[in-house]
Every structure is written in C-alpha cells, then in structure tokens.
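From first to last, the protein sequence lines stand for chains E and Y.
Just so you know, the first sequence maps onto residues 15 to 354 in my numbering.
Just so you know, the second sequence maps onto residues -2 to 270 in my numbering.
Glycine is no exception: its CB is placed at the ideal position from the N, C-alpha and C atoms.
Reviewing the structure listed below.
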Amino acid sequence: MPFEPEHRRRYIIHMYTTELQKSAKIENLEDPKLLEAFEARVAADEFIEPKDWMPEAYRRTLTRQISQHAHSEIVGMLPEGNWITRAPSLRRKAILLAKVQDEAGHGLYLYCAAETLGTSREQMIEALHSGKAKYSTIFNYPTLTWADIGAIGWLVDGAAIMNQVPLQRTSYGPYARAMVRVCKEESFHQRQGYEIMIALANGTAEQKRMAQDAFNRWWWPSLMMFGPPDENSPNTAQSMRWRIKRETNDELRQKFVDITVPQADFLSLTVPDPQLKWNEEKGGYDFGEIDWEEFYAVVRGEGPVAKERMKARRDAWQDGAWVREAAAVHEEKRRARKAA
Amino acid sequence: MTQRSPAKAEGKERVGAAVAAFWAPAFAGERLDFRTDYLLRLGDDALVLGQRVGEWCGHGPVLEVDISLANLALDLIGQATLLLGESGDGDKLAFHRDVLDFRNCLLVEQPNGDFAQTIARHLLYTIWQHMLLQRLQQSSDQFLREFAHKAVKEVAYHRELASEWTIRLGDGTEESAQRMADGLEWNWRFIPELFEVDEGLQQAIDAGIAVDPRSFEEEYRAAIAAVLAQAQLEAPADQRPILGGRQGHHSEHLGHLLAVMQFLPRAYSDAKW
Chain E
15 MPFEPEHRRR YIIHMYTTEL QKSAKIENLE DPKLLEAFEA RVAADEFIEP KDWMPEAYRR
75 TLTRQISQHA HSEIVGMLPE GNWITRAPSL RRKAILLAKV QDEAGHGLYL YCAAETLGTS
135 REQMIEALHS GKAKYSTIFN YPTLTWADIG AIGWLVDGAA IMNQVPLQRT SYGPYARAMV
195 RVCKEESFHQ RQGYEIMIAL ANGTAEQKRM AQDAFNRWWW PSLMMFGPPD ENSPNTAQSM
255 RWRIKRETND ELRQKFVDIT VPQADFLSLT VPDPQLKWNE EKGGYDFGEI DWEEFYAVVR
315 GEGPVAKERM KARRDAWQDG AWVREAAAVH EEKRRARKAA
Chain Y
-2 MTQRSPAKAE GKERVGAAVA AFWAPAFAGE RLDFRTDYLL RLGDDALVLG QRVGEWCGHG
58 PVLEVDISLA NLALDLIGQA TLLLGESGDG DKLAFHRDVL DFRNCLLVEQ PNGDFAQTIA
118 RHLLYTIWQH MLLQRLQQSS DQFLREFAHK AVKEVAYHRE LASEWTIRLG DGTEESAQRM
178 ADGLEWNWRF IPELFEVDEG LQQAIDAGIA VDPRSFEEEY RAAIAAVLAQ AQLEAPADQR
238 PILGGRQGHH SEHLGHLLAV MQFLPRAYSD AKW
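Here it is as structure tokens:
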C-alpha cells in the first residue's frame, strides 16, 4: 500500500485518536486557498487521489466511512458464514462460499482504500475490536433459518447496492474504484438471495413459513441500513457537498422500498407494514414509521447478536495472532538468509 | 471385500497391524461397480474436506487466509459436485447417505483443530491428491481424464499454499513450529490409508481407470520430506495405521460433520432448495 510520508502519518494517527475533541480546531488551520481549490475540484466532479491535498475533515470522514464499510463486509461474513456448513445442496453451498469469499475480498479492497488515507489496517481492526469503530447495524441480527440467507441476499445486499451504486462516483478515487468492483459482485449476491427466496416461496408450507418469517425479521432492519432520516443526519449536507455521498438517506430508502415491494408481491410475501400504501401522487410507496429507538440501540452495540459478532471477530483475531507473528518472523528470517 | 492391501508397501514393513483391518467392509451387502466406487472415494474426499475447510470461513487468522481457505473449499465442493454427479444424483449422495456409505479417507474428516492442524491435514492430503490427479489424466475413462485435467490445476495451487504455510509455520516462531509439529503428529497415522489398495480399487486399476497409489508412494514420502526439511520440521515417527474410511468405517468425527451438513435436506425431505 502506498503510505503517506512518515511525519504526516504520525500527525494523522495522532489526529485519528483524538478526532472527537480536536476536529473544530483543525478545520480552522486549513489554508483557505487550498480549501477553495479543493472544493472547486470536487464540485467539478474530479477525483481526489491519495497524494492530493485534502481538508483533514474530508480525510477523517472518508476514513471513518470506508473503514466502517470494510468492517461491515468482514462482520457481514459471520451471519452468512453461519450457514455455509448447512447449505442444503452442493450448488447452494458453492454459491454461498463464493459470496462470503467476495465479502472478504470487498473488505480487503476497502481496507486498502482506507489505508491510502493514512490509517493502517491494524489500527482500523483495533478500532473495530475496541468498539470504537462501527459497522452496519444489520449484521447484529441472527440468521435463524436458511431463509435468512435468501433474505440477506435479497434485502441486505439489495439495500447495499442502492447505497453503493452512487459511491462509484464518489469524489475519492480509490474508494470510487473499489466500489466499481464491489457493485459488480453485489448484484450477483442480490440475485442469488432472491433466487433462494423464489425456491422457498414456491416450496412446501414449511418453506413458505420460513420465507415469510425471515422477511418479517429483515424488512425493518434493511430500511434502517440507509441511516437516520435526513433531518437527523448531521453529516449528510457536508458529505453531499464533498461528493462523498451523492443521494440522501431518505431518497435512497424510498427508492429501495419502491423497488422491493413488487418483488415481495411476486413472491406472495406480505410486507410487514400495515401502513404500506401506493401513493399515486408521488409515484412511490408511503410506509410506516421506522423504530429509530431500535436503530440507535443497535448502533450503541445492543443488537440481538452484537456480542456474538464482536466475540467471533475478536476470537478469530486473537486465535490467529500466533499465525500472523509466525508469518512475520519467517519473512524476516528469509530476508536475513537472502542478505547473508 | 475381506482382503486388505498388503501390509508391505514398496518392500517396507508397515508399523504394526493396521487398526480396523479386521473389520469387514461396512457396505459388503451392496457392492457398487468399481467405477462408481472409485468416483465416490474421490468425490467423498473432496466433499468432506471442502466441508471442513468451509468451517473456517470468517474465522481465519487474517483476511488473506480467509480468502485462500474459501478458495480451497470452493474448488473442493466443485470437484465433489462433478464426481458425485457422475456417480448418480449428487445431492442425494451428499445429503442422504449415512457414515457407513461414505468412502472418503479418514484424513479428510479429521477436525480442523488450530490453523496448523488444518494446514498439516491439507498438506498430507493435497500432495497425494495432486500426484494422483497428475496420473489420472492418463485414465482410460474419459470423464476421469477430463476431470483430472481440470482439477489438477486447482490442486497444484492447494499444494503450493499448504506447502508455503507449512514452511512459514515450521520456520516461524517456536510456538508455530510446535503447533505445526502437533498438527502433523495428529494426522500422520492416516497416511497409510491413502496408499491402501483393496479389491475394488485393484479392479479399477486393472481396468485402467484408476491410478495405483502405490506407484507414487515413494515420491509422496519424498515430497513431504522436502517440505518438512524446508520447514525445519522433523517428520513424525510412523504410527500404527488407522484404516477403514474407504470401506465405510470412519472416525467419530464424520457423523457430526454429516449431522450438520445434511440437516436441512434430512429435516425437510420433500423440499427443494
């Protein structure tokens, strides 16, 4: 990975650890001319590259967003990984393995993209394990039946695509390019999920029950994936201006509902929202109030399986410490032998 | 099949009598033709090992390892799909047989243990599989020839990966070397089974469709020794061979593996997924 020069890196690391307290002051130190030139480039839809000057708040916001995205991919391997050993056919097993492997790959590109901003993968992982960094709330819900694998592909990956397609045009070059690859694979994920749902919806009474139950449990958390409503999303305006984000949370959420409801109809599944109604005037669905208390509780780490997810990640990291150490020591020995 | 392969291979006395050698085959009642039997042996190896390696998904020591382990599992499940599909209804064979009808070797069903134990198992199996597939490309059976031609490329990568990790761990820290040695020690007793030739396999060899594993036992031993030398590891002492997998008599581990793997199709036997 290309790293920032040493002096700059240390500065950023320091900033990273004190992000919350210092942010206001740092902004004031920015050179207004540089800032103006930067804003103009972004407004002209130019890509910002790792070596370019950027405001520290932009760097910080992106580091937070990309690393959260990477963590979500990695934690997101767990709920689906839970069913790899129990996939009901050879074909389903191979597809699920490939999908979870893609997620590991996405995590890797994203950590690499975030590293170009000057924070190392180790630091990001540490922040995840200490609970300081967040990941998508959706992965704090359990996968109870095989239908959950279908529902995740269909709804969660469907929502993720909705979020990520605009990010292919995000202003930071490495992130945008990572998103191009990620989006190609996500659409395959979404299709495989929907295909599982089709099989279940056309299956036995027990399979239909599984499908409806999974839909009931994943619907609302999927809508929450777009984040708080616009009036409560303090970062949205700045992120839109910097072209880090290109559509607001509520716009994306509405799009998702409008696309997904007919898909549920096709499966003869009932959307678990009695207030859901087509609104001719706006050309979209009206839907019920999202339980934001639930969302914020999960953000705080109180999701139904948040403890399990974090424990699984920490355990894998701790159990693998001796492997990483051995690989590093071996590499050193090899280099020393080569030099001798 | 009541006769076991010779207790001697390449003129070398095996260590002690093989455990389970006195057992009659589990499926003596329903003999398969030797081609189907051979397909199932290779297919079950791939399926069971793929299932084992798949257990790692999301829990690897580092992201890159997670990705490579998923690659191994994917290749193996793909191979199992082809081999079981050629011997019948692949899903029915994978999900509706019990232990007595599985023909995989005991090595592949061994538990993952720590990462070193997983790598040790993979090294011992994959070098065997690679040498077998190299030769299977000359099989008189068109399917097996084509299968081998495709799979040998995948397995060459598995062999490289397992060898590299064995070397890294063996020649890494004191702890990793000890863990690697323990992993080899656990799996070592299952090597002789890989070179067993029973009546069914002999028929397949005579028909020119199967490879006689004894033809590459020496090469196998030398290849393992070469990796261990690079890894600065001693080969474990030969142990009393444990046999029986090819005849449907497995370790206790396989039943648990199948219970997990087969749960859905067994619980909902009329469902399609």
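Looking at the C-beta of residue i, does it have a partner C-beta in chain E at a distance below 9 Å?
i                      : result
residue 110 of chain Y : no
residue 119 of chain Y : no
residue 81 of chain Y  : yes
residue 265 of chain Y : yes
residue 183 of chain Y : no
residue 236 of chain Y : no
residue 269 of chain Y : yes
residue 22 of chain Y  : no
residue 189 of chain Y : no
residue 70 of chain Y  : yes
residue 123 of chain Y : no
residue 87 of chain Y  : yes
residue 63 of chain Y  : yes
residue 106 of chain Y : no
residue 78 of chain Y  : yes
residue 257 of chain Y : yes
residue 67 of chain Y  : yes
residue 144 of chain Y : no
Could you tell me which of the options sits nearest to residue i, measuring between CA atoms?
i                      : options                    : result
residue 149 of chain Y : Y:123, Y:174, Y:171, Y:223 : Y:123
residue 298 of chain E : E:268, E:323, E:308        : E:268
residue 100 of chain E : Y:267, Y:254, Y:61, Y:186  : Y:254
residue 251 of chain E : E:334, E:337, E:227, E:75  : E:75
residue 81 of chain E  : E:135, E:104, E:54         : E:135
residue 67 of chain E  : E:85, E:326, E:44, E:216   : E:44
residue 57 of chain E  : E:165, E:317, E:179, E:183 : E:183
residue 158 of chain Y : Y:248, Y:203, Y:117        : Y:117
residue 94 of chain E  : E:161, E:315, E:263        : E:161
residue 140 of chain Y : Y:261, Y:33, Y:265, Y:258  : Y:33
residue 70 of chain E  : E:46, E:311, E:277         : E:46
residue 238 of chain Y : Y:230, Y:205, Y:190        : Y:190
residue 214 of chain Y : Y:120, Y:193, Y:175, Y:197 : Y:193
State buried or exposed for residue i, treating a residue as buried only when at least 16 other CB atoms are found within 10 Å of its CB.
i                      : result
residue 246 of chain E : exposed
residue 48 of chain E  : exposed
residue 211 of chain E : buried
residue 158 of chain E : exposed
residue 354 of chain E : exposed
residue 274 of chain Y : Given that chain Y is displayed from residue -2 to residue 270, the structure contains no residue 274 of chain Y and the question cannot be resolved.
residue 28 of chain E  : Since pLDDT at residue 28 of chain E reaches only 27, below the 50 mark, its modelled position is unreliable, and no value is offered.
residue 198 of chain E : exposed
residue 104 of chain Y : buried
residue 203 of chain Y : exposed
residue 238 of chain E : buried
residue 228 of chain E : buried
residue 38 of chain E  : With a pLDDT of only 43 at residue 38 of chain E, under 50, the local geometry of the prediction cannot be trusted, and the value read off the model is given with reservation. Residue 38 of chain E is exposed by the Cβ-count criterion.
residue 151 of chain E : buried
Does residue i get closer than 9 Å to chain C when you measure Cβ to Cβ?
i                     : result
residue 86 of chain E : Here chain C cannot be found, since the structure's protein chains are E and Y.
9 Å is my cut-off, CB to CB: does residue i come that close to chain Y?
i                      : result
residue 92 of chain E  : yes
residue 215 of chain E : no
residue 361 of chain E : Residue 361 of chain E lies beyond the range of chain E shown here (15 to 354); nothing can be said about it.
residue 39 of chain E  : Interpretation of residue 39 of chain E is limited by its pLDDT of 47, a score under 50 that renders its predicted location unreliable; no figure is taken from the coordinates.
residue 166 of chain E : no
residue 385 of chain E : Chain E is shown from 15 up to 354; residue 385 of chain E falls before or after that span and cannot be answered.
residue 137 of chain E : no
residue 100 of chain E : yes
residue 71 of chain E  : no
residue 234 of chain E : no
residue 333 of chain E : yes
- request: Would you be able to state if there are at least three C-beta pairs under 8 Å between the stretch 191 to 207 of chain E and the stretch 266 to 281 of chain E?
  value: With a cut-off of 8 Å, the stretch 191 to 207 of chain E and the stretch 266 to 281 of chain E do not count as touching, because too few Cβ pairs lie within range.
task: Determine, using beta-carbon pairs with one atom in the stretch 68 to 83 of chain Y and one in the stretch 204 to 223 of chain Y, whether at least three such pairs fall under 8 Å.
output: The answer is no - the stretch 204 to 223 of chain Y does not touch the stretch 68 to 83 of chain Y, with fewer than three Cβ pairs under 8 Å.
Contact residues within the stretch 243 to 260 of chain E, judged by C-beta distance below 9 Å to chain Y:
Contact annotation: in the stretch 243 to 260 of chain E, no residue has its CB less than 9 Å from a CB in chain Y.
*Residues within the stretch 155 to 175 of chain Y neighbouring chain E, beta-carbon criterion of under 9 Å*: The stretch 155 to 175 of chain Y vs chain E, Cβ under 9 Å: 162, 164, 165, 166, 167, 168, 169, 170, 172, 173, 174.
Give me the subset of the stretch 38 to 60 of chain Y whose CB atoms are less than 7 Å from a CB atom of chain E, sorted by chain position. Closer than 7 Å at the C-beta level to chain E, one finds these residues of the stretch 38 to 60 of chain Y: 48, 51, 52, 54, 55, 56, 57, 58, 59, 60.
Open item on the list: Three Cβ pairs or more, each shorter than 8 Å: is that satisfied between the stretch 66 to 77 of chain Y and the stretch 122 to 133 of chain E?
Closed with: No: fewer than three Cβ pairs fall under 8 Å.
Can you find at least 3 beta carbon pairs, one from the stretch 114 to 124 of chain E and one from the stretch 139 to 152 of chain E, that sit closer than 8 Å?
Fewer than three Cβ pairs drawn from the stretch 114 to 124 of chain E and the stretch 139 to 152 of chain E lie within less than 8 Å of each other, which leaves the two stretches out of contact.
>> Is it the case that the stretch 56 to 65 of chain E contacts the stretch 184 to 194 of chain E, given that we only count it when at least three CB pairs across the two stretches are under 8 Å?
In response: With a cut-off of 8 Å on Cβ pairs, the stretch 184 to 194 of chain E is in contact with the stretch 56 to 65 of chain E, counting three or more such pairs.
Residues of the stretch 102 to 122 of chain E with Cβ closer than 8 Å to any Cβ of chain Y, in chain order
Closer than 8 Å at the C-beta level to chain Y, one finds these residues of the stretch 102 to 122 of chain E: 102, 103, 104, 105, 106, 107, 108, 111, 112, 114, 115, 118, 119, 121, 122.
Q | contact_flag[the stretch 108 to 124 of chain Y, the stretch 175 to 191 of chain Y] where n(CB pairs < 8 Å) is 3 or more | A | The stretch 108 to 124 of chain Y and the stretch 175 to 191 of chain Y touch, with no fewer than 3 CB-CB distances between them shorter than 8 Å.
**Prompt:** Listed from N- to C-terminal order along the chain, which residues in the stretch 335 to 350 of chain E have their beta-carbon within a distance smaller than 7 Å of any beta-carbon of chain Y?
**Reply:** From the stretch 335 to 350 of chain E, only 336, 337, 338, 339, 340, 341, 343, 344, 347 have a Cβ closer than 7 Å to chain Y.
Is the stretch 125 to 132 of chain Y in contact with the stretch 302 to 321 of chain E, if contact means three or more CB pairs nearer than 8 Å? The answer is no - the stretch 302 to 321 of chain E does not touch the stretch 125 to 132 of chain Y, with fewer than three Cβ pairs under 8 Å.
### Query
Touching or not, the stretch 119 to 127 of chain E and the stretch 174 to 181 of chain E, by the rule of three or more beta carbon pairs under 8 Å?
Between the stretch 119 to 127 of chain E and the stretch 174 to 181 of chain E there are fewer than three inter-stretch CB-CB distances shorter than 8 Å, so the stretches are not counted as touching.
- Inter-stretch contact at 8 Å, needing at least 3 Cβ pairs: the stretch 155 to 173 of chain Y / the stretch 85 to 95 of chain Y: Verdict: no, contact absent.
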